[in-house]
Each structure stands twice: as C-alpha cells, then as structure tokens.
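These protein sequences, in sequence, are chains A and B. The opening position of the first sequence corresponds to residue 1 in the working numbering, with each subsequent residue numbered one higher. The opening position of the second sequence corresponds to residue 1001 in the working numbering, with each subsequent residue numbered one higher. Ideal Cβ positions, reconstructed from N, Cα and C, are used throughout, including at glycine. Step one of this worksheet: look at the structure below.
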Amino acid sequence: MRSYKNSLNHLFLLLASIIMIYPVFWWIGAAFKSNEEMSSPGIFPKTWLWSNFTDGWNSVPNFSFTHFYGNTFTLIAGVLFTTVISTSLVAFAFARLDFPLRKLWFGILMVTLMLPQQVTIVPQYVMFNKLNWVNTYLPFYIPHILAAGVGGPFFIYLIIQFIRGLPRDLDEAAKIDGCSWFGIYWRIVLPLTKPALVTVAIYCFLWTWDDFFGQLIYINTVDKYTINLALKLFIDSQGSIPWGQLLAMSLVSILPAVTIFFLAQKQFVEGVASGAVKG
Amino acid sequence: MDTVTKKKRSNFWKRWDSPLAGYLFLSPWLIGFLLLTFWPMMMSLYYSFTDYSLLKAPEWAGLDNYNKILFKDSLFRTSLCVTLLFVVVSVPLKLVTALLVAMLLNRDIKGMSFYRTMIYFPSLIGTSIAVAILWKNIFSKDGFINQLLGLVGIEGRAWLTDPSTALGTLILLVVWQFGSSMIIFLAGLKQLPKDLYEASSVDGAGKVRQFFTITLPMLSPIILFNLVLQTINSFQMFTQSFVITKGGPIHSTYVYVMYLYERGFARFDMGYASALAWVLLVIIGIATAIIFSTSRLWVHYESEGGK
C-alpha cells in the first residue's frame, strides 16, 4: 500500500516536472534548429546549426554580443558591490544599535518594501535627466549606494533578520575590549553575516539583470545597451524574425542565472523563504 | 527595583553611546529614502496636478489630469480592466498551483531535490526578455504548442494575435512561474507540527478533512503573505506584455504600467503619467486593504487560537 502510494506520488511529481521543464528543453533544441524546423514539437533538430550562435552573436550591426555582455557585467558589478556594502551597514544599525526614532524608520522601511516603483519613477527620471545622468549607469549605481535600488529594502530586511539571529555576546565582549561600533560591524558582524550577503548578492544580480523597465528608460544608445535591450532590439529590428538565432541568443542570456542557481541552490531557497517564515 | 535601575543606567549609557553611530550607519538608507523615495513621491504628487512635458516648467493644472483619467480617458479604463482581469485570474491560479505542488513536494521521498529543481527552474528566469521571447515563439500560429495540439487532433489558433486568447497566454506564462510562492509554501509546510496530523488521524480524520481543518488554517498567514505579495506584483506587470504582444491585439493585453510607460516615457507627458502612478498606488492600496480586512475572517494566528 505504502509503496503504491509512493510511486503514485513519484508519478505525479514526474509529470509535473516534465510539464514544467519541457519548454526549456525544447528551447535548447530550438536554438540549434533552422527556421523550417522551428515549430516541430520534438527536441532534437535534424541538423545541429551552430551557426545560430555565431550569426546571432553578431546580429546587431556594429556591436557584437560580447559588447553587450561587457555592458551588463559593468552595470551589475557596480550595483552588487554598492548594494552589499550599503544594505549591510543599514541592517547593522537596525539590528544592533539603539537610536531615537528607530521604530519609526523601521516602519517606513517596511512600507517601502511594498511601495510600487511607478510612484517615484517619473520624478527620479526628471532628477537624473537634469543631472545629465540619463544614458549612463549612474541611475543604477547611485540608488544602490543609498540602498534604494531595486530590492534595496528587501535586502536590508533580510540581513536584519540574519543579524538578529547572531549571538549578542560576541559584540558585548568586543565592546568591553574597546572595539568601536564600526569595529564590531567590520570585524565581527560582517564576517558572520556572509551567508546572508551571498543571498543578497544572488538576488541583486538576478533582479538587476531582469530590471527591464529601468534599463529601458535610462539607457538609450546602442553602445550602452544591456543584454535585455539588445534582445529587444533584435526582436524589433527585423521584419521576419530569425527565430533560431534569437532563441540561441536568449538561451545564452539565461546562462549566468542558471549557473548561479546550480552553484548556490541553498541560499536561493533560503532567500525566497526568509521573507515569510521566521526561523 | 535594584535591577531595574541598573538596567536603566546601562540603557542610558547605550542611548548616549549609539545615536550618533546609529545614524551614521543608517545614513545611506536614510539619505536614499529622503532623496530617492520620499522627495520623488512628493514631487510626483505635485506633477500630477500639473501639465509637464520635461521641456517646459510644470504648469499648474489643478485636477485636470485626474478629471481626464477618471471620466474621459477610455485607454485608462481599458488598461485598468485588462490589469484587473490579469490580477484576478493569475494570482489565485498561481497560488493554488503553488500550494498543491508544494504539498506534493512536502514528503520524504527520494529525488525530492531533483523534482524541486525541475519545477522551480522556470521561475528562475523570471521576467527576463529571454523567457518572453520563448513564449512569443512557442505560442505563435505555427509554433510548438499548436504542433503539439495537432498531434492530439486539436486545431490550434493564433494565440497571441487573437484578442480573446492573448491575455490568457500571458497569464499562463506568469502561472508557469509559480516557483517562489511554492518555495514559501514549502517552508511553511515544513514548520507545521506533525503531532497535530497524528492526533487527528487517530481521531479518524481523512486526508481531505486534515487539509481543510489543519493545513489551510495553519498555513493561512503564509497564504496571506503570498497573496499580498503576488497581488502587488501583478498590478505592476509590464515586461511580458511589452515584449510579447506590445499591448495588442486591439489593447487586449494593454496593462496599466504599459499605458503609464507610453504616457510618460514615449510621449513625455510627465504630469499625466504621475497622476496615473498615483491612481495606481491608490488602487493597489485599496486592493491590499480589502485583502487585509477580509483576512480577519480566514487567517488564523496561533497566539489568538487559545493555545
């Protein structure tokens, strides 16, 4: 009875897995297909067209995808670095320090967690436009330095929760030994917070990569384009879309996310779950 | 009494010691909040009462923008209807799927992490352009889905260029990515006390009964969390419809943020776009308030449960 039930469970899960993952496998196959073969529901192409990748890579005139990857990583590297520093500093203040109005600021942080970005996007654009920052990456770097970029409040919250779980004895001891607040942050809390910082870095990477709206608004010449904008250009520029090349390029574009996912599954799952369940 | 004064003294010491340090550490966020959230919010409220095109200074227009939006703008009404339909259909579908699959995954059987990975995978690539491109391809007229349907003898249709199915196709894409809700449910399910189930099955409760009397009530705070999160996110849907259908055919997928984008950043009608943003904020606020006010009826908190 039990083994029958177990295998039924396996059957359901296997079926669910196949439904979920089949389009992805089909995608991998389709990236190698010719346009004629594109719509066949089978995964494997008759002939493997590697040229989809090489042609696709150079499909945008004047710039190859190497350039767009370079742009994207420049953007993300700056954002990652600044986010990890700013959000951990702020989280340390909320989790360990006592100061007037702390509760009020924390409440505001919680509200901004839910605030839709549309309500600030117009004046932010006006502001960055006046500063001549449009078509640079500064509209991405500066908010992240101030922990106000995409996901900022969420990252602060995530690190606060993590620091609260660390034993306070350590910083008490350090304080007795004459360590300053910055010393406590830098030498004690920060090294212990590494797992949470890794989670923050992962999500920051993915969300910045996926922040199409921001990239669409702030970047408007092709030489500064990110991968997402390049793909959008690709899909819009040609009359009849060379699907093989397009699917090949979009497949390549998810590789960084996939790699991170398989390297750090644990942090991934924890990051998603940490918002809802205290633990 | 003695310990109280002692405590007070040490607190007093801390209070003198850390306010400055506290605000120093807080300053990145505090400046960011004031400069990049609070100030822009106030400005956008101000712009929403003006006629502003970026080129000229904003001109006071009173309630004109709101008047137009609420009473004369048929595109606003269309985009709001599309968005409401999208939210009302996609959010429950996504959450029900996520909960059912999470319950399937919440067992100690072999290969669980393999299944979890497979099922989570589509959510990983989230709202990226890459997935939108894939979707555009497989739901095109001679795409993979129609070929597949052809194999079982169903004649497909042009899913994305037919106004009656285009939005449904986008909803399917969003529901396909139920992974993060599922993982949150899974984490919640793992924390449910096993003895409750054992006790109730001794009392003769079946699986279905257990689901409705134990699992659902115990999980209700997490359901609420997921519901609020997904509702707020769904109101802001943009990328999928912008890339896959461009809002068409005949505005059947013309979501609210897409209208806001076109007003603000294609036509640089900043005053009007700001007003649209505030209307969206109010609508999201109302939706969230409705969810929270009904939550008293269905969310069960353990502390209130007489434990």
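What would DSSP say about residue i, mapped onto helix, strand or coil?
i: Thr1050 of chain B; result: strand
i: Glu1059 of chain B; result: strand
i: Met1237 of chain B; result: coil
i: Cys179 of chain A; result: coil
i: Met1218 of chain B; result: helix
i: Glu37 of chain A; result: coil
i: Pro291 of chain A; result: Nothing in the structure corresponds to residue 291 of chain A, since chain A is present only between 1 and 279.
i: Phe977 of chain B; result: This structure leaves residue 977 of chain B out entirely; chain B is present only between 1001 and 1307.
i: Gly151 of chain A; result: coil
i: Arg1107 of chain B; result: coil
i: Tyr69 of chain A; result: helix
i: Phe32 of chain A; result: coil
i: Ile160 of chain A; result: helix
i: His1300 of chain B; result: coil
i: Ser1295 of chain B; result: helix
i: Gly1248 of chain B; result: coil
i: Leu22 of chain A; result: According to the sequence as given, residue 22 of chain A is Tyr; it is not Leu. The answer is helix: DSSP assigns Tyr22 of chain A an H, G or I state.
i: Val277 of chain A; result: Note that Val277 of chain A has pLDDT 46, beneath the 50 cutoff, so the model's placement of it is unreliable and the number below is only indicative. Note: Val277 of chain A maps to coil in three-state DSSP.
i: Pro167 of chain A; result: coil
i: Asp55 of chain A; result: helix
i: Lys1194 of chain B; result: helix
i: Val1255 of chain B; result: coil
i: Ile1223 of chain B; result: helix
i: Thr1231 of chain B; result: helix
i: Ala264 of chain A; result: coil
i: Thr1037 of chain B; result: helix
i: Val60 of chain A; result: coil
i: Phe1265 of chain B; result: helix
i: Gly244 of chain A; result: helix
i: Gly42 of chain A; result: coil
i: Gly1206 of chain B; result: coil
With a 10 Å radius around its C-beta and 16 neighbouring C-beta atoms as the bar for buried, classify residue i as buried or exposed.
i: Trp243 of chain A; result: buried
i: Val1082 of chain B; result: buried
i: Val119 of chain A; result: buried
i: Val1257 of chain B; result: buried
i: Lys46 of chain A; result: exposed
i: Gln215 of chain A; result: buried
i: Ala1275 of chain B; result: buried
i: Lys1246 of chain B; result: exposed
i: Ser1234 of chain B; result: buried
i: Met20 of chain A; result: buried
i: Asn1146 of chain B; result: buried
i: Thr54 of chain A; result: exposed
i: Gly56 of chain A; result: buried
i: His1300 of chain B; result: exposed
i: Val957 of chain B; result: In this structure chain B extends from 1001 to 1307, so residue 957 of chain B is not present and cannot be described.
i: Pro1163 of chain B; result: exposed
i: Met1042 of chain B; result: exposed
i: Gln124 of chain A; result: buried
i: Met114 of chain A; result: exposed
i: Lys33 of chain A; result: buried
i: Arg1116 of chain B; result: buried
Our contact map puts residue i next to residue j with C-beta atoms below 8 angstroms; I'd like the distance itself, whole angstroms only.
i: Gly149 of chain A; j: Val79 of chain A; result: 7 angstroms
i: Leu1075 of chain B; j: Trp27 of chain A; result: Not really, about 35 angstroms apart at Cβ, beyond 8 angstroms.
i: Lys1136 of chain B; j: Ile1244 of chain B; result: 5 angstroms
i: Leu109 of chain A; j: Ile156 of chain A; result: 6 angstroms
i: Asp177 of chain A; j: Ile188 of chain A; result: Actually they are not in contact, since the Cβ atoms of Asp177 of chain A and Ile188 of chain A sit about 11 angstroms apart, beyond 8 angstroms.
i: Tyr1261 of chain B; j: Val122 of chain A; result: With a Cβ gap of about 11 angstroms, Tyr1261 of chain B and Val122 of chain A do not count as contacting.
i: Arg1107 of chain B; j: Asn9 of chain A; result: 6 angstroms
i: Tyr1272 of chain B; j: Asn1067 of chain B; result: Not really, about 11 angstroms apart at Cβ, beyond 8 angstroms.
i: Ile254 of chain A; j: Ala1061 of chain B; result: Actually they are not in contact, since the Cβ atoms of Ile254 of chain A and Ala1061 of chain B sit about 45 angstroms apart, beyond 8 angstroms.
i: Ser1140 of chain B; j: Phe1178 of chain B; result: Not really, about 24 angstroms apart at Cβ, beyond 8 angstroms.
i: Trp82 of chain A; j: Val200 of chain A; result: For the sequence presented, residue 82 of chain A should be read as Thr rather than Trp. At roughly 12 angstroms, the Cβ-Cβ gap does not stay under 8 angstroms, so Thr82 of chain A and Val200 of chain A are not in contact.
Tell me whether residue i, by its Cβ, gets closer than 7 angstroms to a heavy atom of the ligand NAD.
i: Met1270 of chain B; result: As for the ligand NAD, it is missing from this structure, which has no ligand bound.
Completely contained alpha helix (DSSP H) runs for the segment 195 to 235 of chain A, where each covers 4 or more residues: 212 to 218
Which residue spans inside the segment 82 to 141 of chain A form an unbroken alpha helix (DSSP H) run of at least 4? 102 to 114, 118 to 130
Any alpha helix (DSSP H) of 4 or more consecutive residues that is wholly inside the segment 1106 to 1189 of chain B: 1112 to 1124, 1129 to 1138, 1144 to 1151, 1166 to 1176
Beta carbons nearer than 7 angstroms to chain C: which residues of the segment 135 to 151 of chain A have them? Absent here is chain C; the protein component of the structure consists of chains A and B.
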